[in-house]
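J.: Sequential numbering of the sequence shown, starting at 632, is according to this note's numbering.
Where a beta carbon is used, it is the ideal one built from N, C-alpha and C, also for glycine.
As the structure is a prediction and not an experimental result, all values here were calculated from the model.
The structure under discussion is supplied below as structure tokens; questions concerning it will follow.
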Amino acid sequence: MPGSNSSDARALPDAATALPGASDHLLDMAVHTMPQPGQAAQDLDGATRTARGRWKMLLVLAMCAAPVVASYFTYYVVQPTGRAGYGQLVVDQPALPDLAARNLDGTVARLPALAGQWLLVSVGGGACNSACEQHLYLQRQLRESLGKERDRVDWVWLVDDEAPVPASLQPALRQAAVLRVSAAGIAGWLKPAPGHALAEHLYLVDPMGNWMMRFPADMDMAGAAKAKRDLDRLLRASASWDEPGR
632 MPGSNSSDAR
642 ALPDAATALP
652 GASDHLLDMA
662 VHTMPQPGQA
672 AQDLDGATRT
682 ARGRWKMLLV
692 LAMCAAPVVA
702 SYFTYYVVQP
712 TGRAGYGQLV
722 VDQPALPDLA
732 ARNLDGTVAR
742 LPALAGQWLL
752 VSVGGGACNS
762 ACEQHLYLQR
772 QLRESLGKER
782 DRVDWVWLVD
792 DEAPVPASLQ
802 PALRQAAVLR
812 VSAAGIAGWL
822 KPAPGHALAE
832 HLYLVDPMGN
842 WMMRFPADMD
852 MAGAAKAKRD
862 LDRLLRASAS
872 WDEPGR
């Protein structure tokens with residue numbers, strides 16, 4: 632019916648005219664409430680990159696430490712030669728202390744400056760009795776017996792008093808690092824075996840500056856040959872990360 636059609640037209644006005652601005656309002660809501668395209672993916676990518684960066688950093692640190700750990704594991708656990716070591720392993724491996732030292736010419740040095748090489752260390756008074764001379768001789772012979780590897784090992788004599796070093800001894804010490812260090816300072820770092828004195832041993836320090844081995848007291852030539860086997864094994868095991876020079 633015409634009237635009915637007219638009523639329907641009035642009852643249902645055109646949407647564009649019945650709610651002015653309604654379509655704009657709905658469009659505005661759609662724009663402001665929907666997430667930006669790819670935003671979630673970007674957030675996820677950022678978190679993933681952060682996690683990957685942390686894992687890479689840990690991997691680099693592990694790779695740096697692995698050669699040192701592997702060489703010590705090979706020497707102390709695997710024992711590739713099938714023989715126990717002659718030297719005694721120092722469990723806590725204390726680092727070179729930051730002690731003042733003096734060269735024989737009086738110039739000042741610091742003990743940590745020795746780090747970066749394997750160190751074969753003896754301790755004794757400047758007057759150097761016969762036992763001290765024997766240790767110095769064995770140190771020199773041990774180092775020389777290493778052949779081309781000797782440049783990876785420094786011969787160190789720590790003088791723990793103010794007694795002058797005999798002039799007759801000094802020419803033989805040209806290849807040695809001779810440093811005066813306080814007896815108390817040395818005793819706070821190196822320790823003898825029970826019942827022995829510091830001066831009775833030779834001590835081995837690794838290139839990182841950690842005291843890691845003590846050789847038996849009053850070493851003789853037979854003992855020195857056993858000590859050389861220990862040094863040979865350590866130098867082979869550490870060849871991948873330790874090079875001559877500091």
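Give the single residue among Gln-806, Ala-807, Trp-786 and Leu-821 whose Cα lies nearest to the Cα of Met-844.
T.: Of Gln-806, Ala-807, Trp-786 and Leu-821, the smallest CA-CA separation from Met-844 is found for Leu-821.
J.: On the DSSP letters alone, give me the boundaries of the beta strand (DSSP E) that Ala-824 sits inside.
T.: No beta strand (DSSP E) holds Ala-824; DSSP gives it neither H nor E.
J.: For my contact list, Asp-873 and Arg-783 are in at a C-beta cut-off of 8 Å; report their separation, rounded to the angstrom.
T.: Rounded, the Cβ-Cβ distance is 6 Å, consistent with contact.
J.: Mind checking Asp-792: buried by the 16 CB within 10 Å criterion, or exposed?
T.: exposed
J.: Can Leu-720 and Met-850 be called in contact, C-beta distance under 8 Å?
T.: no
J.: At what residues does the beta strand (DSSP E) containing Ser-753 begin and finish?
T.: 749 to 755
J.: Tell me Tyr-834's beta-bridge partners as DSSP assigns them.
T.: Val-752 and Arg-845
J.: How about Ala-740 and Ala-732: do their beta carbons lie closer than 8 Å?
T.: yes
J.: Use the C-beta contact count for Gly-652: other C-beta atoms within 10 angstroms, 16 or more gives buried, fewer gives exposed.
T.: Note that Gly-652 scores 44 on pLDDT, short of 50, meaning its location in the model is unreliable; the coordinates nonetheless yield the value given after this. Counting Cβ neighbours within 10 Å, Gly-652 comes out exposed, since fewer than 16 surround it.
J.: Buried or exposed: which applies to Asp-785, given that a residue is buried once 16 or more other Cβ atoms fall within 10 Å of its Cβ?
T.: The Cβ neighbour count for Asp-785, taken over all protein chains shown within 10 Å, is at least 16; the residue is labelled buried.
J.: When the Cα atoms are used, what is the spatial distance from Trp-842 to Ala-824?
T.: 14 Å
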